[in-house]
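One structure is given below, encoded as structure tokens.
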Amino acid sequence: MKTEIPDKVATAALGQAVSLSHLRQHIGQQVCIQGWVQNRRDSKGLSFIVLRDGSGFCQCVLSEGELGENAFAQAQALGLESSVQFAGRVVEDPRQLGGLEVQVSSLHIWHIAEDYPIAKKAHGVDFLMDNRHLWLRSKRQWAIMRVRNQVIYAIHRFFQGRGFMQMDAPIFTGNACEGTTDLFETEFFDQKAYLSQSGQLYGEAMAMAMGKIYTFGPTFRAEKSKTRRHLNEFWMIEPEMAFYSLEMTLDLIEDFLQSVIGQVLEHCALELEVLERDTDMLRKSLQPFVRFTYDEAVAVLKGQKEVDGKKATDLLEEDLSKARDGLRETNEKLADMEAQAKKGGLKKGALARLEKEIQDLKTRQRDLEESIRNIPVWLESARNFEYGSDFGGSDETVITRMFSVPVMVYHWPKVIKAFYMKEVEGAPHLVKGVDVLAPEGYGEVVGGGERETDIDKLKDSIIHHQLPMNEFEWYLDLRRYGSVPHAGFGLGLERCVTWLCGIHHLREAIPFPRLMGRLFP
RNA sequence: UCCUCGGUAGCUCAGCGGUAGAGCAGUGGACUGUUAAUCCAUUGGUCAUAGGUUCAAAUCCUAUCCGGGGAGCCA
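Shown next, in the form of structure tokens:
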């Protein structure tokens, strides 16, 4: 362990700085730390600076007595997000988040930041998105990005540990893989080309060469969707396994998701705390998942099948009356607080907090009003659900509402699924596809299934879906030369991260989201 | 593409026919343990854009642009 940290810091000390995440190992010692000023609070002769360095956070105390008049004046001129280097002593202080603070004895300023646009207060989404490059520095975004990183690491660890080979599918493609969704069109020299919306077909080819593979790459969808569940550019993980059935795939998906959840719970405790994630709820998904056929899911949706003695429709009715009670309660509280705020006599800070609470209550009020409007619509749509169609967002909510673990729905109507899905033996109107619906309303995170192996059925399907046969000849070759049962699935990385973090919008789960009308920054 | 809500100070918002407002940020000052620190003072405006109604428009009407939420579609 290094003991000779200089009192006076300078450029020369760069490499000697201790990462803030490792401060605990240096209690009582003199250390050098560096980072950005996340917050500063001043008093006469005393300045408190919360430093962040990407690895963690720490409050640093700067006093005029310790630093001298000159250096102290410099410290008080530091705007938010200025970059600095401090030398000081690590002491325990139970009042701080990590239980530690640093008493600074000298400082070196890299850069003084002026007028940092993101203030220490609530901001609107639009403004934050315009400043995404700076927003990423905030604590909440720090936590989300660290969970995302952990999820990525956990995914590689899981598949590599099970003998899967990572492969990269092309991003330029000449044809639509599934032909269903909108593709981004671009140019490949003098030919029309599209940005990949799935690497699956290439994954199948590679699985026939390597056995078990997984892709991990960007995916592009030109859908003009503006919802909290959609991105136009997102990252997808698509494993593909030779000699695999649908049933084996269900087991694999469950093992896989539980492994990722387990690793996030283990390694991201602080991050989840920052995000105020209900980890007990998340932990429930370590229990076995619910497995339903499409037929069973429809019966549950329509209230014809009970789960634990309850019907989905009854639960919804309950939710509706709870929402109504909640709204009444919220309205009362709101009126009370507004009267308090109006009465005056409150200190500025207390008033600000009260106003923030009022804003929160108003948001809750809007949410409840929306639920009260929505639930009857959902009930109606669930009761009238037509067998054979796909589930809409509200139907997913109704089904997942009944469980605290993910629900895997399999054996889907052939007509609503992709052309490459394998028929169920003895029920040719069904295919061996699976959708995994995350709990707590996070919706579809995984889609997959067993692939058709019979070349004639595949050709029929291609014709039926009106896809250009000649562009699929290479794919058909996989069935001409040693066709075997195989299966795979796709996981939407951002949807998974959103779920695990318990956040509201998909757009916060990726550093620079690409959405309709947002190409910058 | 459709439905819906919105655009007022750098930021968050109030004002909804009669002189453009508050809080935060910024700036100047006070305070030796702050946790969105607090207190005093102070700067800051083409009310998205273009038309229209009116004695008078941020406010009412029409169109356009931009953004939020949702539907469809999906990971």
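Going by numbering that gives the first Met the number 0, the first residue of the first sequence is number 0, and it counts up by one from there. Even glycine gets a Cβ: it sits at the ideal position worked out from N, Cα and C.
Comparing C-alpha positions only, which one of 121, 360, 66 and 208 sits nearest to residue 477? 208
With a threshold of 16 other CB atoms inside 10 Å of the CB of residue 493, please say whether the residue is buried or exposed. Classification of residue 493: buried, given that the 10 Å Cβ count is 16 or more.
For the alpha helix (DSSP H) that residue 56 lies in, which residues bound it at each end? No alpha helix (DSSP H) holds residue 56; the beta strand (DSSP E) holding it covers 56–62.
Segments of 4+ residues assigned as alpha helix (DSSP H) that fall wholly inside the stretch 286–311: 293–300
Could you tell me the distance, in whole angstroms, from the CA atom of residue 3 to the CA atom of residue 92? Low local confidence applies: a pLDDT of 43 at residue 3 is under 50, so the model's placement there is unreliable, with the coordinate-based value given in what follows. Looking at the two C-alpha atoms, the distance is approximately 24 Å.
Residue 49 and residue 32 - do their beta-carbons sit closer together than 8 Å? no
Got a sec, what are the start and stop residues for the alpha helix (DSSP H) residue 205 sits in? 199–209
In whole angstroms, what is the alpha-carbon distance linking residue 264 and residue 150? Their Cα atoms are separated by approximately 10 Å.
Hey, out of 517, 502, 73 and 190, whose CA is closest to residue 146's CA? 502
When the Cα of residue 81 is compared with those of 63, 100 and 107, which residue comes out closest? 107
Quick one: residues in its chain with C-beta nearer than 8 Å to the C-beta of residue 360, no 5 flanking neighbours on either side, listed in chain order? Result list for residue 360: 329, 332, 333 and 336, in chain order.
Between residue 415 and the rest of its own chain, which residues show a CB-CB distance below 8 Å, the 5 nearest in sequence each way excluded? If we look at residue 415 and ignore the five residues flanking it on each side, its Cβ neighbours are 387, 388 and 389.
Start-end ranges of the alpha helix (DSSP H) lying completely within the stretch 449–493, minimum 4 residues: The qualifying runs are 454–463 and 472–479.
Classify residue 179: buried if its beta carbon has 16 or more other beta carbons within 10 angstroms, exposed otherwise. Since pLDDT at residue 179 reaches only 47, below the 50 mark, its modelled position is unreliable, and the value read off the structure follows with that caveat. Residue 179 is exposed by the Cβ-count criterion.
Consult DSSP for residue 273 and reduce its assignment to one of helix, strand or coil. helix
Cα-Cα separation, residue 413 to residue 292: Approximately 13 Å between the Cα atoms of the pair.
Proximal residues to residue 64 (C-beta, below 8 Å), its chain only, five neighbours per side dropped: 44
Helix, strand or coil at residue 31 according to DSSP, with G and I counted as helix: strand
Those residues which DSSP pairs with residue 535 across a bridge: In this structure the chain extends from 0 to 520, so residue 535 is not present and cannot be described.
Which residue comes first and which comes last in the beta strand (DSSP E) that contains residue 409? 406–412
So what does DSSP say about residue 105, is it helix, strand or coil? strand
Just to confirm before moving on: does the CB-CB distance between residue 288 and residue 408 stay below 8 Å? no
Based on Cα-Cα distance, which residue from 186, 422, 76 and 213 lies nearest to residue 489? 213
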